[in-house]
Amino acid sequence: MNYKFKLLITFLFLPLVLFADAKTNAQTFGALTLIPPAVAIILAFVTRNVIFSLFMGIFSGTFLLNVSGSNIFGSFYHAFVDMVTKMIGSMADSWNAGIILQVLTIGGMIAVITKMGGPRAIAEKLAKKAKTGRSAQLYTWVMGFFIFFDDYANSLIIGPIMRPVTDKLKVSREKLAFIIDSTAAPIAGIALISTWVGYEISLIKDAYAMIGQTEINAYSIFVETIPYRFYNILMLAFVFFSAYFLREFGPMHKAANRAITTGEVCHPDSKPLVSQDTSTLEPKEGIKHSIWNAIVPILTLIIVAFIGFYFSGLSSLEGETLKLVQANPYSFNSIRDCFGAADASIVLFEAALFASIVAIGMGMQQKMFNLSEALEIWVFGVKALVITAVILILAWSISSVIKELGTSTYLVAILTDSTPQILLPSIIFIFGSIISFSTGTSYGTMGILMPLAIPIANSVGIHTGLEGMELHEYIILNISAVLTGAIFGDHCSPISDTSILSSMGASCDHMDHVRTQLYYAIFVAAVAIIFGYIPAALGYSIYMILPLALLVIALTIRFYGKPVHVQP
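Going by the numbering used here, the residue at position 162 of the sequence shown is 236; the numbering climbs one at a time, nothing skipped.
In structure tokens form, the structure reads like this:
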């Protein structure tokens, strides 16, 4: 191929926006910058497949960035190459690589401790204490807090252990499935260490970069959002109050009365889902399983992570801040500064890897498996979370496309003047719930919305002046709206993986579970908006908002809920 022909091909394939920045692209394309997130969202509705939807959203964006009016085939080619480049770039980033490794490693650790029977031993110990319908429900709720590190593990472990107990005490399978589902994602989503944390903080870090803040500590921001996770907190409270007061409403009340009056814990015409095959992780028979097989590795993970946060942050501090920390290294302010400067992706990966080694060592010492078997089990757990890694890469890639295309810049320009400060968090919460309901996944929803929510919240906050609160606090509020809206929609969706697993764990008809849970989820979401996000956006203190919202939940169940006549 001669030089002139090469030059001609290069010229024809040259993208029109090769040298444009995000602001220029936003001005050039205008409303077209909305195509990538719109394609991802619409396809999510139509196909209910978040991986395909994100993939096509990325491709539509890279096509716009590489469009060449004189050669459509060249544009497609360069769009595909650009998409692949962005995916590779996402994986090559050291922060992102640490997040992926952390998620996969925790998955391996969970598999090992599950094989050792630790989580099962905890569940069995609590199950023995359940003597009444009330205590059976409350102990099931408590178990969700013990298995905080992963929503899948929660659904698959608690259901099979508690099902014989709740059946004996005439608690409906629908209620059991509801408790399992409501202590899975809502707890994993706010736990300080879980398989969710890496994904959530990576999205936060990437979105903050869009508003020019690249030195923020994403883990610290994640922790700040926890008090504003109204749906998660209120749903956990709802489960507790409904169990404690033994009151229900809507379809759940009918299910509860059926179970107690007829002894039929399932509807006669229902078709319960059977639990998926988890034989690979079933503990060996004839070996006594100890709660310490779960507690020790998890405590190791937590302790090593907290120590790692301190020393990782300490090594990053400099100047006056470093001097203050060295002068009083163990004060609250020093610990806060160190945690704020830590590289969470590396620390969590190191902690998960060390905890995995501890778990494998304990299992080998107890002769539950040899080294070869232990590594096979660990890899099995890693494989279970590969889908999370795929979604992570796609989410980072569409975030990169949106940033380069100027989508956030365009949205900020048109929404800043028209969106009231008071309504933005609620709008984001509702929009996130719609997307996650249609896709059945909270992960993909977070990946789609987070790159848009933070820039818009930042601009709306600057434009309106934010009466009663600081800009940072307002952005935190909107981040929590993304994360909880995604969980709410996922909680209601019949195609949600956690909902399906909860039905399997409880051996409940899946649509019976969805139908009875839907009333409760919508009610809690309404309380989260009316008594949570709206007053919080007006600047009212979280110390006033949260107790009031919890009181509304408790009073509604106590006085609107109808009593279930089971043994108290």
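Here a beta-carbon is modelled for each residue, glycine too, at the ideal position from N, C-alpha and C.
query	result
Are three or more beta carbon pairs between the segment 566 to 577 and the segment 503 to 513 nearer than 8 Å?	yes
Closer than 7 Å by C-beta to residue 305: which residues in its own chain qualify, once you throw out the five before and the five after it? Chain order, please.	558, 561, 562, 598, 599 and 602
Taking the alpha carbon of residue 330 as the reference point, which residue from 216, 420, 211 and 412 has its own alpha carbon closest?	211
To the nearest angstrom, report how far apart residue 313 and residue 307 are at their CA atoms.	10 Å
Contact between the segment 609 to 622 and the segment 317 to 333: three or more CB pairs below 8 Å?	no
Please state whether DSSP places residue 332 in a helix, a strand or coil.	helix
With DSSP run on the structure shown, which of helix, strand or coil describes residue 322?	strand
Could you have a look at residue 345 and say whether DSSP puts it in helix, strand or coil?	coil
Per the contact definition of three or more C-beta pairs closer than 8 Å, is the segment 104 to 114 in contact with the segment 471 to 480?	yes
Taking residue 416 as the reference, give the member of 137, 445 and 379 with the closest Cα.	379
Assuming contact is defined by CB atoms lying nearer than 8 Å, are residue 290 and residue 550 in contact in what I supplied?	no
May I ask which residues mark the beginning and end of the alpha helix (DSSP H) holding residue 280?	271 to 283
Taking just the CA atoms, how far does residue 422 sit from residue 265?	13 Å
Hey, could you find the ends of the alpha helix (DSSP H) residue 183 is sitting in?	168 to 189
Which term fits residue 140, buried or exposed, when burial requires 16 or more other beta carbons within 10 angstroms of its beta carbon?	buried
Assign residue 406 to one of two classes, buried (16 or more other C-beta atoms within 10 Å of its C-beta) or exposed (fewer than that).	exposed
With DSSP collapsed to three states, give me the class of residue 417.	coil
Looking only at its own chain, which residues have a Cβ that is under 6 Å from the Cβ of residue 390, when we skip the five neighbours before and after it?	415
Identify which residue in 115, 592 and 247 has its Cα closest to the Cα of residue 309.	592
For the putative contact between residue 157 and residue 433, defined by C-beta atoms under 8 Å, what is the C-beta separation to the nearest angstrom?	No, residue 157 and residue 433 are not in contact; Cβ-Cβ is about 38 Å, not under 8 Å.
Taking the alpha-carbon of residue 292 as reference, which of 311, 303, 271 and 301 has the nearest alpha-carbon?	271
When you compare only the Cα positions, how much space is there between residue 338 and residue 580?	14 Å
Tell me the DSSP secondary structure of residue 637 in three-state form.	strand
Going by CA-CA distance only, name the one from 582, 624, 612 and 455 that's closest to residue 342.	582
Within 10 angstroms of its Cβ, does residue 208 collect 16 or more other Cβ (buried), or is it exposed?	buried
Taking all protein chains shown into account, do 16 or more other C-beta atoms lie within 10 angstroms of the C-beta of residue 41, making it buried, or fewer, making it exposed?	The structure shown does not extend to residue 41, since the chain is modelled only from 75 to 642, so the question has no answer here.
What first and last residue would you give for the alpha helix (DSSP H) that runs through residue 586?	584 to 602
Candidates 246, 344 and 258: which alpha carbon is nearest residue 584's?	344
State the DSSP-derived secondary structure class of residue 99, mapped to helix, strand or coil.	helix
Would the segment 453 to 472 count as touching the segment 172 to 187 if we require 3 or more Cβ pairs under 8 Å?	yes
Please identify the residue among 131, 285 and 127 whose C-alpha is closest to the C-alpha of residue 153.	131
Using the beta-carbon count (16 or more within 10 Å), is residue 444 buried or exposed?	exposed
Rank 297, 213 and 267 by C-alpha distance to the C-alpha of residue 278 and give the top, closest one.	297
Can you give me the Cβ contacts of residue 374 inside the same chain, cut-off strictly under 7 Å, excluding the 5 residues immediately before and after it?	428, 429 and 432
Reducing DSSP to helix, strand and coil, say where residue 228 ends up.	helix
Is it right to say residue 262 is buried, meaning 16 or more other beta carbons lie within 10 angstroms of its own, or is it exposed?	buried
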